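Same order as they appear, the protein sequences are chains A and B. Take the first sequence: its position 2, counting from 1, is numbered 39 in our numbering, and each next residue is one higher. Take the second sequence: its position 60, counting from 1, is numbered 61 in our numbering, and each next residue is one higher. By construction, the Cβ of each residue, glycine as well, lies at the ideal position given by its N, Cα and C atoms. Just so it is clear, the structure is predicted and the values come from calculations on it, not from any experiment. Comments concern the structure below.
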Amino acid sequence: EAGVTQFPSHSVIEKGQTVTLRCDPISGHDNLYWYRRVMGKEIKFLLHFVKESKQDESGMPNNRFLAERTGGTYSTLKVQPAELEDSGVYFCASSQVRGDEQFFGPGTRLTVL
Amino acid sequence: AQKITQTQPGMFVQEKEAVTLDCTYDTSDPSYGLFWYKQPSSGEMIFLIYQGSYDQQNATEGRYSLNFQKARKSANLVISASQLGDSAMYFCAMREAHDLGGKLIFGQGTELSVKP
């Protein structure tokens, strides 16, 4: 069974540009989480979907970040316009049931120049 | 306030020796879970071990064990017989039961280097 996949693995963009990150959770997993790790700091929660609904977006840093999960399958996280402080590794995780073990993807390393 | 604290940014251990990675946590929720994840240089996050706040015994998974001291609010990871492949970042995380969404709260991580 395929694990959580994320695309792209790396993205380098200039300040002011737009980037869209994609996450494909494990098939059948209704719960999808986004996290990010800014250089040297802890991994921080961004938001949580149950199917296509946003359950908790308390960790989203500002309105430059937009997450979607149309159809309750894959999710996208768009950053528009990107700022320097958005650089970091963005992780996606999924679980079948809330509170279950979360399976993480390999992350997308975003560099904003 | 920091909910998960990992005070060791980096650790070195000799191959085949045991190593303890520290983690302290802060919560007022009586029910919570504690996790350790490993992140090798390839980037993926690998789940290692879980301890529930009501578990009576310390969790063990192969060479990994969790030294759970509830009164001290510590959940240290012990890796026995270190191997070169154990070199990685290690993250401690907590999930609080009152958070119905189940999000994880992470520490800053400890980078472990295993020397041959």
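Residue i versus chain A: which residues are under 7 Å apart at the beta carbon?
i: B/Lys104; result: Tyr70, Phe82, His85 and Asp93
i: B/Gln122; result: Nothing can be reported for residue 122 of chain B: it is not among the residues displayed for chain B, which extend from 2 to 117.
i: B/Phe69; result: Ordered by position in chain A, no residue passes the 7 Å Cβ test against B/Phe69, which lies about 18 Å from the chain.
i: B/Ile92; result: At residue 92 of chain B the sequence reads Phe, which differs from the Ile that was named. What B/Phe92 touches in chain A: Ile80.
Whole angstroms is fine: what's the gap from residue i's alpha carbon to residue j's?
i: A/Arg146; j: B/Gly44; result: 9 Å
i: B/Thr28; j: B/Lys4; result: 7 Å
i: A/Trp71; j: A/His85; result: 7 Å
i: B/Ala94; j: B/Cys24; result: 9 Å
i: A/Val56; j: A/Ile50; result: 8 Å
i: B/Lys71; j: A/His47; result: 40 Å
i: B/Gln7; j: B/Ala76; result: 10 Å
i: B/Glu18; j: B/Arg64; result: 11 Å
i: A/Arg73; j: A/Gln133; result: 21 Å
i: A/Asp123; j: A/Val75; result: 8 Å
i: B/Leu49; j: B/Ala60; result: 10 Å
Would you mind working out which of the options sits nearest residue i, comparing C-alpha positions?
i: A/Gly109; options: A/Lys88, A/Pro118, A/Pro98 and A/Arg73; result: A/Lys88
i: B/Gln52; options: B/Ile80, B/Pro41 and B/Arg96; result: B/Arg96
i: A/Glu79; options: B/Leu113, B/Gly108 and B/Val79; result: B/Gly108
i: A/His66; options: A/Lys52, A/Val41 and A/Arg59; result: A/Val41
i: A/Gln92; options: A/Arg135, A/Pro62 and A/Gln43; result: A/Arg135
i: A/Val116; options: A/Thr148, A/Glu138 and A/Leu103; result: A/Leu103
Considering only residues of the same chain and omitting the five flanking positions on each side of residue i, which have a CB-CB separation below 8 Å?
i: B/Leu85; result: Glu16, Val115 and Pro117
Tell me which same chain residues have a C-beta within less than 7 Å of the C-beta of residue i, skipping the five on either side of it?
i: B/Pro41; result: Ala89
i: A/Gly96; result: Lys81, Phe82, Leu83 and Leu84
i: A/Pro45; result: Thr145
Once the 5 residues before and after residue i are set aside, which same chain residues still bring their CB inside 6 Å of it?
i: B/Glu112; result: Gly11 and Met90
i: B/Thr21; result: Asn77 and Val79
i: B/Leu105; result: Ala94 and Arg96
Give the residues of chain B in contact with residue i, contact being defined as C-beta atoms less than 9 Å apart.
i: A/Glu138; result: Phe36, Phe48 and Tyr51
i: A/Pro144; result: First, the amino acid is wrong: residue 144 of chain A is Gly here, not Pro. Per Cβ cutoff of 9 Å: Gln40, Gly44, Glu45 and Met46.
Could you tell me which chain B residues have their CB closer than 7 Å to the CB of residue i, listed as they occur along the chain?
i: A/Phe141; result: Glu45 and Met46
i: A/Arg135; result: Leu101, Gly102 and Gly103
Under 8 Å Cβ-Cβ, which residues of chain B neighbour residue i?
i: A/Phe128; result: Met46
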